[in-house]
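Residue numbers (the UniProt record's numbering): 1 to 315.
Set out below in structure tokens:
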């Protein structure tokens, strides 16, 4: 059933987008920690993440579990190639969580090391995610465990780090305000330029998915939307409020991922794993999708409640 496999892939794509928007912003804030030296800036940065970081990573669990259940053959192939960056990412997320949770009670030398651990683990987690995405987009899954260290996956890793840090700049401007305003605004321009350069570079190095996307109507519409969002982001950084900047950046990232998904369809891994041929049985997909239909709304409700409770600027 092609429609069932398409629905399964759409559920995984939604989980991926939610994770990138939510935890990607947190990782961006973590990486930016090295750019701020004063405790009155660092403390609210951590406080802005503490109530929500664990819920954000729920979407990563849904993505991994869903991939295993819905597309087991593709999951096995990817894991056999990407087990090193995946484990590095998981270890990084663990130690990042430790740095976030313990920093508030740490003193002296312990706090100093936690302040180093937080940006390092955030950067490594973001880089590994981008490198894994680069391997998938290139379809280069047959060269062993160190394929992710090739030029294209590494460039993809740096590109994801840049867009996450741009999200982080917008987030802390919105949630913290004057304490970080000037520094965050300057850094936002840096990561915007770097994100755009890396985005264009990745298109030139691996043009096939983007060309395929251009061949369909949805791809053309998304490309037009992405162009408008880049221009809107330039205007937002000049004139708009911090929340508007964050929303535009999130929309831009979502549009790019959707365009890439359009260019890859119907492949999960280009010319290697077709989503219709590698999907689990119809019975398995139906069972898992029913579970997802209950879990996703509950997760969204919890996230909405958490953001509402901890709304407003962090003091």
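In this text, a Cβ means the ideal position worked out from N, Cα and C, and glycines have one as well.
In this structure residue 80 is exposed. Its beta-carbon is surrounded by fewer than 16 other beta-carbon atoms within 10 angstroms.
Counting C-beta pairs closer than 8 Å gives fewer than three between the stretch 235-247 and the stretch 106-115, which falls short of the contact rule.
When C-beta atoms of the stretch 142-158 are compared with those of the stretch 176-189, fewer than three pairs fall below 8 Å, so the two segments do not count as touching. In the DSSP assignment, no residue is bridged to residue 97. Taking the Cα of residue 145 as reference, the smallest distance to any Cα among 57, 220, 82 and 21 is reached at 82. In the structure shown, the three-state DSSP call for residue 176 is coil.
Residue 274 sits in a strand when the DSSP states are folded into three classes. Taking the CA atoms as reference points, residue 85 sits about 9 Å from residue 149. DSSP, reduced to helix, strand and coil, places residue 268 within a strand of the structure shown. By the Cβ test, the stretch 114-131 is in contact with the stretch 30-43, since at least three Cβ pairs between them sit closer than 8 Å. By the C-beta density criterion, residue 262 is buried, having at least 16 other C-beta atoms within 10 angstroms. Residue 164 is not a Cβ neighbour of residue 291, given a cutoff of 8 Å. In this structure, the straight-line span from the alpha carbon of residue 147 to that of residue 264 is close to 20 Å. Contact holds between the stretch 127-144 and the stretch 263-278, because three or more Cβ pairs, one in each stretch, are under 8 Å apart.
Note that the stretch 295-309 does not touch the stretch 41-50; fewer than 3 beta-carbon pairs, one per stretch, sit closer than 8 Å. A direct Cα-Cα distance of roughly 42 Å separates residue 171 from residue 283. Taking residue 102 as the centre and dropping the five residues before and after it, the same chain places the C-beta of 110 and 114 closer than 8 Å to its C-beta, in chain order. In the same chain as residue 313, and ignoring 5 residues on each side of it, the C-beta atoms closer than 7 Å to its own belong to 175, 176 and 177, in chain order. Here residue 3 is exposed, its C-beta having fewer than 16 other C-beta atoms within 10 Å. Within the stretch 144-171, no complete beta strand (DSSP E) segment of 3 residues or longer occurs.
The C-alpha of residue 259 is placed about 9 Å away from the C-alpha of residue 221. In the structure shown, residue 111 adopts helical secondary structure according to DSSP, grouped into three states. By the neighbour-count definition (other C-beta atoms within 10 Å, threshold 16), residue 235 is an exposed residue. Residues of the same chain with a CB within less than 8 Å of the CB of residue 274, apart from the 5 flanking positions on each side, are 266, 267 and 268 in chain order. Residue 220 sits in a helix when the DSSP states are folded into three classes. The three-state secondary structure of residue 39, taken from DSSP, is helix. For residue 197, the enclosing alpha helix (DSSP H) starts and ends at 181-205.
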